[in-house]
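In the numbering used here, the protein residues as written are 453 to 625. Don't be surprised by glycine CBs; every beta carbon is placed ideally from N, CA and C. Quick caveat: nothing in here was measured; it's all calculated off a predicted structure.
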Amino acid sequence: MTTANDPAIGDAFKEAFRHHPAGVAIITATTPDGPVGLTASSVSSVSVDPPALSFSVTRATGSAGGILGADSYVVHLLHSGNVDVARSFAVSGAERFTAAQGWSGLDTGEPHLAGAAAALRCRTMHRYSVGGSTIVVAEVLEVLDGHDAAPHRPLVYRNREFHGLDGERTRLD
Numbered sequence: 453m454t455t456a457n458d459p460a461i462g463d464a465f466k467e468a469f470r471h472h473p474a475g476v477a478i479i480t481a482t483t484p485d486g487p488v489g490l491t492a493s494s495v496s497s498v499s500v501d502p503p504a505l506s507f508s509v510t511r512a513t514g515s516a517g518g519i520l521g522a523d524s525y526v527v528h529l530l531h532s533g534n535v536d537v538a539r540s541f542a543v544s545g546a547e548r549f550t551a552a553q554g555w556s557g558l559d560t561g562e563p564h565l566a567g568a569a570a571a572l573r574c575r576t577m578h579r580y581s582v583g584g585s586t587i588v589v590a591e592v593l594e595v596l597d598g599h600d601a602a603p604h605r606p607l608v609y610r611n612r613e614f615h616g617l618d619g620e621r622t623r624l625d
């Protein structure tokens, strides 16, 4: 057993979450220097009234800093058909925001990925610093896609790999 005072707690914590699957999203914004975006597996719904979600970023520089500093941004919830775009936003230096990937600009200025399972235009309500991360609670201003979309296999991240969620289902009634 590891405890908070044990130096190995960080490694054990990462290993525990490595096997906990999480949905995959791309968060995008426009800055004075151009569009920015990152792949996130920390997006979660928070509230329906008001509609709100949360996510976390591990640093306040680069794309994360651009998103933290933006007035508004778009959270794209991805499906298995978006895996190549997810990969391009998960690594530095990859080609991003190309028309071939399905990107266009909204009238409000944010980059928008056509074909995502859902796209939620948001603005920050609250920020919380925890260790080296920032947790953001965001108000959903607009649901751009997804509410009328055909069912897709959601894209999840587990054990350093993207997976299309498929398989046995058990409905909760």
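Please list the terminal residues of the continuous alpha helix (DSSP H) segment that includes Ala542. The residue labelled residue 542 in the question sits at position 90 within the sequence shown. Element bounds for Ala542: Val535 to Ala542.
DSSP three-state assignment for Leu520, whether helix, strand or coil: As a working mapping, residue 520 is identified with position 68 in the sequence shown. In the displayed model, Leu520 falls within a helix according to three-state DSSP.
Flag this pair as yes or no: are the beta carbons of Gly584 and Arg511 separated by less than 9 angstroms? Taking the sequence shown and counting its residues from 1, the one referred to as residue 584 is at position 132. Taking the sequence shown and counting its residues from 1, the one referred to as residue 511 is at position 59. Going by C-beta atoms, Gly584 is nearer than 9 angstroms to Arg511.
For Ala460, count neighbouring C-beta atoms within 10 Å of its own C-beta (all shown protein chains included) and say buried if the count is 16 or more, exposed if not. Taking the sequence shown and counting its residues from 1, the one referred to as residue 460 is at position 8. It is exposed - the Cβ of Ala460 has fewer than 16 other Cβ atoms within 10 Å.
Can you tell me whether Ser499 is buried or exposed, with buried defined as 16 or more other CB within 10 angstroms of its CB? Here residue 499 refers to the residue found at position 47 when the sequence shown is read from its first residue. Around the beta carbon of Ser499, fewer than 16 other beta carbons lie within 10 angstroms, which makes this residue exposed.
Rounded straight-line distance, which links the Cα of Arg605 to that of Leu596: In the sequence shown, the residue the question calls residue 596 occupies position 144. In the sequence shown, the residue the question calls residue 605 occupies position 153. Cα to Cα, the separation comes out at about 19 angstroms.
Measure the alpha-carbon distance for Val588 versus Val527 and round it to whole angstroms. Sequence index remark: in the sequence shown, residue 588 carries index 136 (1-based). Sequence index remark: in the sequence shown, residue 527 carries index 75 (1-based). About 12 angstroms.
Would Ala492 pass as a contact of Val608 if the rule is Cβ separation under 9 angstroms? Reading the sequence shown from its first residue, position 40 is the one you call residue 492. Reading the sequence shown from its first residue, position 156 is the one you call residue 608. Their beta carbons are not under 9 angstroms apart, which means Ala492 does not touch Val608 by this criterion.
Checking the sheet assignment: what are the DSSP bridge partners for Phe507? Residue 507 sits at position 55 when you count from the first residue of the sequence shown. Residue pairing by DSSP puts Phe507 in a beta bridge opposite Val588.
Can you tell me whether Phe549 is helix, strand or coil according to DSSP? Indexing the sequence shown from 1 puts residue 549 at position 97. Correct three-state label for Phe549: coil.
In the DSSP output, what is His528 paired with across the bridge? The residue given as residue 528 occupies position 76 in the sequence shown. Bridge pairing for His528: Ile478 and Ala571 [DSSP].
Three-state secondary structure assigned by DSSP to Glu562: Position 110 of the sequence shown holds residue 562. Glu562: coil per DSSP, three-state reduction.
If contacts are defined as beta-carbon pairs under 8 angstroms, then Ala546 and Thr482 qualify, I think. What distance do you get, rounded to the angstrom? As a working mapping, residue 546 is identified with position 94 in the sequence shown. As a working mapping, residue 482 is identified with position 30 in the sequence shown. Wrong, their Cβ atoms sit about 19 angstroms apart, outside the cutoff.
Around the Cβ of Ser624, are there at least 16 other Cβ atoms within 10 angstroms (buried) or fewer (exposed)? The residue labelled residue 624 in the question sits at position 172 within the sequence shown. For clarity, residue 624 is Leu in the given sequence; the question names Ser instead. Looking at its Cβ environment, which holds fewer than 16 other Cβ atoms inside 10 Å, Leu624 is exposed.
8 angstroms CB neighbourhood of Cys574 in its chain, flanking five on each side removed: Counting from one through the sequence shown, the residue named residue 574 turns up at place 122. Within the same chain, Cys574 has close Cβ partners Leu505, Ser524, Tyr525, Val526, Val527, Ala590, Glu591, Val592 and Leu593.
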